[in-house]
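Chemist:
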Amino acid sequence: MITFTRNDILKTYVQNFFGSTLGRGAVQTTSAYDERRALDGLRSLDSQAIGAIYDQYFSEVYRYIRYRINDDTAAEDIASDVFVRLLEAVQKRQGPQSSLKGWLIATAAHAVNDHLRRQYRRPVEVLSDSLPDHGASVHSEVDARERNRLVQSAYAQLTAEQQHVLALRFGQGYSVEETAAHLKKNINAVKALQFRALASLQRQIGEVNYE
Amino acid sequence: MNNLYEVLEICLQDIEQGADIDTVLFRYPELADELRPILEASANAKNLAIPAPSVEVVRRNRTRVLQHAAQLRQAKVKPSRRIWFASLRRVAVTLVVIAALFISGTNLVRAASTTLPGDNLYPVKRTWEDVLLLFTFNSQQREALEVEHENERHHELRELFAEGRSEDVDFSGMVTSQNGNEWVVAGVPVVISAQTELRDAPIVIGSAVRVKGETRGDGIVLAERIRLLDSDAKLPDLDDDHDDEDKGHEGENEQEGDNSGKGSGDEEPKVEETEEPDSDSEQEDESSNSGSDSSNSGSGSEDNDNSGSSDDDNSRDSGDDNSHDSGDDSGGSNSGSGGDGAEDDD
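Chains as they are written, first to last, in our numbering: chain A, -1 to 209; chain B, 716 to 1061.
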């Protein structure tokens, strides 16, 4: 007897909605038809459709946010808040018109900017334990933590646009073309922005290291 | 400069494919010094990349999002349902109230339609008449309705007389006889007392008046107030009633004096009826009436005209005979008009 778990059903639903699942940094293959169906499901507040969209995009949205802010709890709150905003926006007919993922990332970027502005007014020292574990020794792990703290401090000094392009290119692993689509800029402009952002990051790392 | 950005992008793609920085820069020695720190920065930026959130984080926030969706669903459904139920309930209550009012109102009006003055529902009957008048905009229909209502007042009087009840009444009609304190208004004997309010003077025979008074068991109305009406006031159409009641009796007036006493000859006979007890002859009546003779004679001639078809044949015979005949008729009818009239109706 064949039994289907809830995850199987969800997986099928997601595949019906979006075709193949996306890996990290993969280009979304969602067709316009699937997007429309997803948005229809959102408008009708269909739990299955909402769950499928959440499962599809939450990880990406969370990683983007967490890349930009060094705070697990805040990243989690902001990520779920982005989906809440999506539900409310769709109900008000102000939701995504073309790209669901584009809307989510753009909303996440705005939410992060707001969060950083608030944090700038009331700075809080955040200690995060969620550094990548590359299976290194304790020493190298400590070095890696220190190195990451240094880079994060330098990254925090960049402009919002520079942070945004680095988060998309190196945090999300998007291609230049996809990043250009998210930033609504042409490819050459994105390449230039990327160059300046990396140059600025390197400069800030040097400054932070010197301090 | 564009070349620098292009080369950087190529180098990044090569590093993404697994090449190291030295290898990719080896191909661009002229840009190596400039690109090296940029590529090192890109490695640092890449090291900041965050792995996928834990299952617990995904599950926790999934629940939160779905709960919010459920709240939105409720908020979306609730108001419309609430409004729908509220409006439905309002419409239902309105319909029930209208139906109850209509049914009870209809029954009430129907029940009140046969009431007499002094009955509990009599005010309902009069109010309903006023309402009907209020909503009758056609002048002809309105006049007809007013006449109908006045006829109803006389019908009520006859009912009260028949039942021997003493009730407050008011009715209108033409004064057809004035014999001291005993008047006849539209065929109804009216007694004037010292307490009777006679504000509008002089009231003479032929005047249209409205009488407010009290019925007595002996078939008269004790007047409390008599008011002179305008010339265009609507008076009861007693001829119609009489015609209806006495169809087929035309031409038999002389033989069936009691019945003919009401109706077309109603007013004329009474004029002379009140005078008759004083004297059998008409000439004597005129002399005895003295001051009111002229009006009497005048009214007599009018009455002849008004008396209509029943006396037409008589008038064709001769003027003198007519007066005598009518006098005789009136004598017969008069004798019964006071009490007989009521009895006839019964």
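For each residue, glycine too, the CB sits at the ideal point set by N, CA and C.
#1: Alpha carbon to alpha carbon, what distance is there between leucine 40 of chain A and arginine 83 of chain A?
#2: How would you label glutamine 728 of chain B, buried or exposed, when you count the other beta carbons within 10 angstroms and need 16 or more for buried?
#3: In this structure, what does DSSP give as the bridge partners for glycine 888 of chain B?
#4: What are the residues of the stretch 741 to 773 of chain B that lie near chain A, defined by any Cβ-Cβ distance shorter than 7 Å?
#5: If you draw a straight line from the C-alpha of threonine 851 of chain B to the C-alpha of tryptophan 898 of chain B, how long is it?
#6: Kindly indicate which three-state DSSP category glutamate 929 of chain B falls into: helix, strand or coil?
#7: Taking one C-beta from the stretch 141 to 158 of chain A and one from the stretch 728 to 747 of chain B each time, how about it: are there three or more such pairs within less than 8 Å?
#8: Using 9 Å as the limit for Cβ to Cβ distance, is serine 96 of chain A near chain B?
#9: Can you give me the start and stop residues for the beta strand (DSSP E) that isoleucine 941 of chain B sits inside?
#10: Under the DSSP definition of a beta bridge, which residues are partnered with tryptophan 898 of chain B?
#11: Given this structure, state the Cα-to-Cα distance separating arginine 1062 of chain B from lysine 791 of chain B, to the nearest angstrom.
#12: Give me the Cα-Cα distance between phenylalanine 222 of chain A and histidine 783 of chain B, rounded to the nearest whole angstrom.
#13: Using alpha carbons as the reference points, say which of B:Glu882, B:Val839, B:His869 and B:Ala923 lies closest to threonine 891 of chain B.
#14: Could you check where the alpha helix (DSSP H) with lysine 183 of chain A kicks off and where it finishes?
#15: Determine the chain B residues that contact aspartate 67 of chain A at a beta-carbon separation under 9 Å, and present them in chain order.
#16: Which same chain residues, not among the five before or five after arginine 61 of chain A, have their C-beta less than 7 Å away from its C-beta?
#17: As an exercise, report each continuous alpha helix (DSSP H) stretch of at least 4 residues that is fully enclosed by the stretch 133 to 157 of chain A, in chain order.
#18: Using a C-beta to C-beta distance shorter than 9 Å, which residues of chain B count as neighbours of glutamate 74 of chain A?
#19: At the level of alpha carbons, what is the spacing between aspartate 38 of chain A and glycine 93 of chain A?
#20: Taking all protein chains shown into account, do 16 or more other C-beta atoms lie within 10 angstroms of the C-beta of tryptophan 101 of chain A, making it buried, or fewer, making it exposed?
#21: Which residues of chain B have a Cβ atom closer than 9 Å to the Cβ of isoleucine 103 of chain A, listed in chain order?
#22: Do you know offhand how far glutamine 46 of chain A's Cα is from serine 769 of chain B's?
#23: Between the alpha carbons of tyrosine 52 of chain A and glutamine 160 of chain A, how many angstroms are there, rounded?
#24: Using a Cβ-Cβ cut-off of 8 Å (strictly less than) and excluding sequence neighbours within five positions of glutamate 724 of chain B, which residues of its own chain qualify?
#25: Below 8 Å, how does it come out for the stretch 940 to 951 of chain B and the stretch 861 to 872 of chain B: are there three or more Cβ pairs, yes or no?
#26: Does the structure place the stretch 866 to 882 of chain B close enough to the stretch 908 to 915 of chain B that three or more beta carbon pairs sit under 8 Å?
#27: Just the C-alpha distance for valine 905 of chain B and proline 832 of chain B, rounded to the nearest angstrom, thanks.
#28: Along the stretch 148 to 173 of chain A, what residues have a CB closer than 7 Å to any CB found in chain B?
#29: Locate the alpha helix (DSSP H) running through isoleucine 753 of chain B, then write down its first and last residues.
#30: Around the C-beta of isoleucine 818 of chain B, are 16 or more other C-beta atoms found within 10 angstroms, so that it is buried, or is it exposed?
#31: Between valine 862 of chain B and the ligand NAD, is there a pair consisting of the residue's CB and a ligand heavy atom that are separated by less than 8 Å?
#32: By how many angstroms is the C-alpha of glutamine 789 of chain B removed from the C-alpha of isoleucine 798 of chain B?
#33: With a threshold of 8 Å on Cβ separation, who are the neighbours of leucine 754 of chain B within its own chain once the five nearest residues in sequence on each side are excluded?
#34: Beta-carbon separation of lysine 189 of chain A and glutamate 721 of chain B under 9 Å?
#35: When DSSP labels each residue in this structure, what does glutamate 912 of chain B get in the three-state scheme?
#36: Which residue wins for smallest C-alpha separation from valine 919 of chain B, given the options B:Arg925, B:Gln893 and B:Val806?
Modeler: Based on what the coordinates show:
#1: Each residue's alpha carbon lies about 12 Å from the other.
#2: Burial call: exposed.
#3: In the DSSP assignment, glycine 888 of chain B is bridged to B:Val924.
#4: For the stretch 741 to 773 of chain B, the set of positions with a beta-carbon nearer than 7 Å to some beta-carbon of chain A reads Pro752, Ile753, Glu755, Ala756, Ser757, Asn759, Ala760, Lys761, Asn762, Leu763, Ala764, Ile765, Pro766, Ala767, Pro768, Val772 and Val773 in chain order.
#5: Straight-line spacing of the CA atoms in threonine 851 of chain B and tryptophan 898 of chain B works out to 34 Å.
#6: Note: glutamate 929 of chain B maps to strand in three-state DSSP.
#7: Cβ pair count under 8 Å is below three, so no.
#8: It does not: the Cβ of serine 96 of chain A has no partner Cβ on chain B nearer than 9 Å.
#9: Counting along the chain, the beta strand (DSSP E) containing isoleucine 941 of chain B begins and ends at 936 to 943.
#10: The beta-bridge partner set that DSSP reports for tryptophan 898 of chain B consists of B:Gln893 and B:Val905.
#11: The shown model of chain B, from 716 to 1061, leaves out residue 1062 of chain B, and the question about it has no answer.
#12: The structure shown does not extend to residue 222 of chain A, since chain A is modelled only from -1 through 209, so no value can be given for it.
#13: Looking at the Cα atoms, B:Ala923 is the closest of the given residues.
#14: From DSSP, lysine 183 of chain A is part of no alpha helix (DSSP H); its letter is neither H nor E.
#15: The identity of residue 67 of chain A in the sequence shown is isoleucine, whereas the question assumes aspartate. The contacting residues do not exist; isoleucine 67 of chain A stays about 10 Å from chain B at best.
#16: Taking C-beta separations shorter than 7 Å and ignoring five residues to either side along the sequence, the partners of arginine 61 of chain A in its chain run Gly169 and Gln170, following chain order.
#17: Listed in chain order, the complete alpha helix (DSSP H) runs (minimum 4 residues) inside the stretch 133 to 157 of chain A are 136 to 154.
#18: The contacting residues are Pro768, Val772, Arg775 and Asn776.
#19: Distance between aspartate 38 of chain A and glycine 93 of chain A, taken at the CA atoms: about 11 Å.
#20: It counts as buried.
#21: Listed along chain B is no residue with a C-beta nearer than 9 Å to that of isoleucine 103 of chain A; the closest approach is about 15 Å.
#22: Distance between the alpha carbons of glutamine 46 of chain A and serine 769 of chain B: 21 Å.
#23: Cα to Cα, tyrosine 52 of chain A sits roughly 27 Å from glutamine 160 of chain A.
#24: In its own chain, leaving out the 5 sequence neighbours on each side, no residue places its CB closer than 8 Å to the CB of glutamate 724 of chain B.
#25: Of all C-beta pairs linking the stretch 940 to 951 of chain B to the stretch 861 to 872 of chain B, three or more are shorter than 8 Å, placing the two stretches in contact.
#26: With the cut-off at 8 Å, the stretch 908 to 915 of chain B and the stretch 866 to 882 of chain B do not touch.
#27: One alpha carbon belongs to valine 905 of chain B, the other to proline 832 of chain B, and they sit about 17 Å apart.
#28: Hits within the stretch, in order: Val149, Gln150, Tyr153, Leu164, Phe168 and Gly169.
#29: First-last of the alpha helix (DSSP H) with isoleucine 753 of chain B: 744 to 762.
#30: By the 10 Å Cβ count, isoleucine 818 of chain B comes out exposed.
#31: The ligand content of the structure shown is nil, which means the ligand NAD is not present either.
#32: Approximately 14 Å between the Cα atoms of the pair.
#33: The residues are Leu723, Cys726, Leu727, Ile730, Ile736, Val739 and Leu740.
#34: Yes, Cβ-Cβ distance for lysine 189 of chain A and glutamate 721 of chain B is below 9 Å.
#35: Three-state DSSP puts glutamate 912 of chain B in a strand.
#36: Nearest C-alpha to valine 919 of chain B: B:Gln893.
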